[in-house]
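*Asks:* All residue numbers for the sequence shown refer to our numbering, where the first residue is 1 and numbers rise by one.
C-beta atoms are modelled at their ideal positions from N, C-alpha and C, and glycine is treated no differently.
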Amino acid sequence: MPNPSGRLRSAPRRVMTSVAMMALVAAGWLGVPQIAAAAPDMTYHPQPRLGILVPIGPPDYSVLMSQFVKEKTLKYGPFTYFVGTLKQVPTVICIQPFGGPVTRAMSAQAMLTHFNIKALIYPGTSGAHLEADQMVIGDVVLGAKHVNFANFFMTKAGDLIPDEFTAESAMGRFNMLYANPTLLHYLACSATEVAAKAKMPDWVNPGVTQAHPKIFYYGIQGTSTMWLANKAFIHKTHQVFHELDEDGDWFSAVVAAMYDVPFIEVSTISDSIFEFPDTERGIPVPPKSTDPGVHVKNASVLAQDMSNRIAVALIGRYGEKILKGHYPTPETSPVPDAWYADAANPRDLLKGKDCLP
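Put into C-alpha cells, the structure is as follows:
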C-alpha cells in the first residue's frame, strides 16, 4: 500500500521548515562551512518516449522487463533510468531507489528533466478503502481522479476538514488532479482486456465467486504516507475524500501536471482489512508450495503483476498514439461527481472500434 500541502493561511510555526533551513544554510547565515556543489548533469534526450515509474516493492519486475528491450542505462543523481523500447514503443523505466511516494515523485521530476516524456505511467498496488462486498484483492482501480487524503485539519472533536483550512486551497489547480478523458479511455480498454483473462488464486479471495477482477473505471485514488488498518479511520477519510484505495501516486501526478505531462495510473488491490479483518494488515497468507522448486507469489506480487500487464497492454495498444498526440490534463473534473460514486460503471469508456480486442 502504500502529504502535506502548501497553506493559504498557515498556523504559527514552532519548527523551522527544512526548506527554510536549507535557504539559510545556502546563504551562510547559520555559519555552516560552504562546500562547492558539483554542477548537476543537465543532459536532455529529445526523443519522445513514454515514462514508467516502478515501485521498489514488491521486487518482482519480470512482467515489465520481459517485454522491455534495453538500449542503455543512464544514472542522474540517485536515480537509474533504463532506456529502450517496450512493445517497440520508445520507453524509459525508473525503479525508485527506496520506498515512498515522495521518492517516486523525485524520480519522476528527474525523468521529466532529462527525457522528452509524452506520458508518465504508474502501475502500482494499493489497499482497499471499501468494504469487502464492494472491493476485494485483485480488483483494479483506474486513476480518474487523484487526492491526497492525508491533507486535512483534524478538529478537537476529531472531525476532518480537507486541505487543513476552509479558505481556498493554496494548492490551486494541483489540489485535485484528473486523468485526461481520452487516456482514461485507452487505460479502460487495456484494463478490461487484461482483467477478462485474469483470475486470482482461491486463497487470495476465499469464498469470493467473482470470475474476474472488478474494475473501478472512475476511481478516486488516494495517496498519503499513512498505512491504515483501522477501519474507523479509513471510513472517516473516505467520507471526506471519497478515495477508493490507498497508495495512489498523487505526488507524481502533481509533478507531471506541473510539467504539462499527462499522468496515467492503475493500481491493483493487494490488501484489504475489510476482506481479512482478523489479520494485522489485511494481507492473506499464501499457501506453502508442495514443490521445493516452485515459489508461490504473494498477493502483493500478484497485484503488481496485474497492474504491470495492464501497463504493457496500454503501451502495446496505444503507445504510438500517445507519443504522437496531445493530451492536456484537465484543471477541473471532466465528468460529474456522480460518476466517481458509481466508479465500476464504465459509461462510454469502452466504446469505439479501438477498444475491441
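1) Which residue marks the beginning of the alpha helix (DSSP H) containing K321, and which one marks its end?
2) Using a Cβ-Cβ cutoff of less than 6 Å, which residues in the same chain neighbour V254 once the five nearest sequence positions on both sides are dropped?
3) Within 10 angstroms of its Cβ, does T155 collect 16 or more other Cβ (buried), or is it exposed?
4) Any contact between the stretch 340 to 347 and the stretch 203 to 211? By contact I mean 3 or more CB pairs, one from each, below 8 Å.
5) Less than 8 Å between the CB atoms is what I'm expecting for I93 and V54, so what's the real figure, rounded?
6) Shortest alpha-carbon distance to F212 belongs to which of Y218, M226, A196, I269?
7) So what does DSSP say about R49, is it helix, strand or coil?
8) Would you identify the three-state DSSP class for L177, choosing helix, strand or coil?
9) Check this for me: beta carbons of A119 and P262, under 8 Å apart or not?
10) According to DSSP, is F233 helix, strand or coil?
11) Do A188 and L323 come within 8 Å of each other at the CB atom, strictly closer than that value?
12) State the CB to CB distance for the pair P330 and N180, rounded to an integer number of angstroms; the pair is presumed to be in contact (CB under 8 Å).
13) Skipping 5 residues on each side, what residues in its chain have a beta carbon closer than 7 Å to that of F79?
14) Is Q239 buried or exposed, if buried means 16 or more other CB atoms sit within 10 Å of its CB?
15) What residues are listed by DSSP as bridge partners for N116?
16) Report buried or exposed for M200, applying the criterion of at least 16 other Cβ atoms within 10 angstroms of its Cβ.
17) From what residue to what residue does the beta strand (DSSP E) around Y340 run?
18) Mind checking which residues open and close the beta strand (DSSP E) that includes V136?
19) Just curious, the beta strand (DSSP E) that F251 is in, first and last residue?
20) Please report the residue range of the beta strand (DSSP E) in which S289 lies.
21) Report yes or no: do three or more beta-carbon pairs, one from the stretch 121 to 133 and one from the stretch 68 to 88, lie closer than 8 Å?
22) In angstroms with no decimal places, state the Cα-to-Cα distance between V147 and S126.
23) Since G77 and M306 are thought to touch, with beta carbons under 8 Å apart, how far apart are those beta carbons, to the nearest angstrom?
24) Determine whether the beta carbon atoms of A177 and A257 lie at a separation below 8 Å.
25) Should F233 be labelled buried (16 or more other beta-carbon atoms within 10 Å of its own) or exposed?
26) Let's see if you can read the secondary structure: which residues bound the beta strand (DSSP E) around S267?
27) What is the rounded straight-line gap between the Cα of I310 and the Cα of I215?
28) List the residues that DSSP assigns as beta-bridge partners of L86.
29) Which whole-angstrom value is the C-beta distance of Y122 and S252, which I expect to be below 8 Å?
30) For T192 and A303, what's the separation of their Cα atoms in angstroms?
31) Buried or exposed for E243, please, with buried defined as at least 16 other CB atoms from any protein chain shown within 10 angstroms of its CB.
32) Note down, in chain order, each residue of its chain lying with its Cβ closer than 6 Å to the Cβ of S66, except the 5 sequence neighbours on either side.
33) Confirm, please, whether the CB-CB distance from L142 to L184 is below 8 Å.
*Replies:* In this structure, then:
1) First-last of the alpha helix (DSSP H) with K321: 299 to 324.
2) Closer than 6 Å at Cβ, skipping near neighbours: F174.
3) By the neighbour-count criterion, in which a residue is buried when 16 or more other Cβ atoms sit within 10 angstroms of its Cβ, T155 is exposed.
4) Proximity of the stretch 340 to 347 to the stretch 203 to 211 falls short of the contact definition, fewer than three beta-carbon pairs being nearer than 8 Å.
5) Contact holds; Cβ gap of about 6 Å.
6) Inspection of the sequence shows that residue 212 is occupied by His rather than by Phe. Selected option, being the one with the closest Cα: A196.
7) Three-state result, R49: strand.
8) In the structure shown, the three-state DSSP call for L177 is strand.
9) Yes, the pair counts as a contact, with Cβ atoms nearer than the cut-off.
10) If DSSP states are grouped into helix, strand and coil, F233 belongs with the helices.
11) A188 is positioned such that its CB atom lies no closer than 8 Å to that of L323.
12) Between N180 and P330 the Cβ distance is about 7 Å, and since that is below 8 Å, they are a contact.
13) Here the set comprises C94, P97, S107, A110.
14) With fewer than 16 Cβ atoms within 10 Å of its Cβ, Q239 is classed as exposed.
15) Answer by DSSP bridge pairing, in chain order: P48.
16) Buried, by the Cβ-count rule.
17) Counting along the chain, no beta strand (DSSP E) covers Y340; the unbroken alpha helix (DSSP H) around it starts and ends at 337 to 341.
18) For V136, there is no enclosing beta strand (DSSP E), since its DSSP letter is neither H nor E.
19) Not the beta strand (DSSP E): F251 falls in the alpha helix (DSSP H), residues 250 to 258.
20) First-last for S289: undefined, no H or E at that position.
21) No: fewer than three Cβ pairs fall under 8 Å.
22) Taking the straight line joining both Cα atoms gives about 14 Å.
23) Not a contact, Cβ separation roughly 31 Å.
24) One point to set straight first is that residue 177 is Leu, not Ala, in the sequence displayed. Yes, these two residues count as a Cβ contact at 8 Å.
25) With fewer than 16 Cβ atoms within 10 Å of its Cβ, F233 is classed as exposed.
26) Start and end: 263 to 271.
27) Distance between the alpha carbons of I310 and I215 is about 12 Å.
28) Note: L86 sits in a beta bridge opposite F68, V89.
29) Y122 to S252, Cβ: 6 Å. Contact.
30) Inter-residue distance for T192 and A303 is about 15 Å (C-alpha atoms, whole angstroms).
31) The residue in question, E243, is buried, as its Cβ has 16 or more Cβ neighbours within 10 Å.
32) Counting only residues of its own chain and dropping the five nearest sequence neighbours on each side, S66 has no CB closer than 6 Å to any other CB.
33) When the beta-carbon positions are compared, L184 and L142 come within less than 8 Å of each other.
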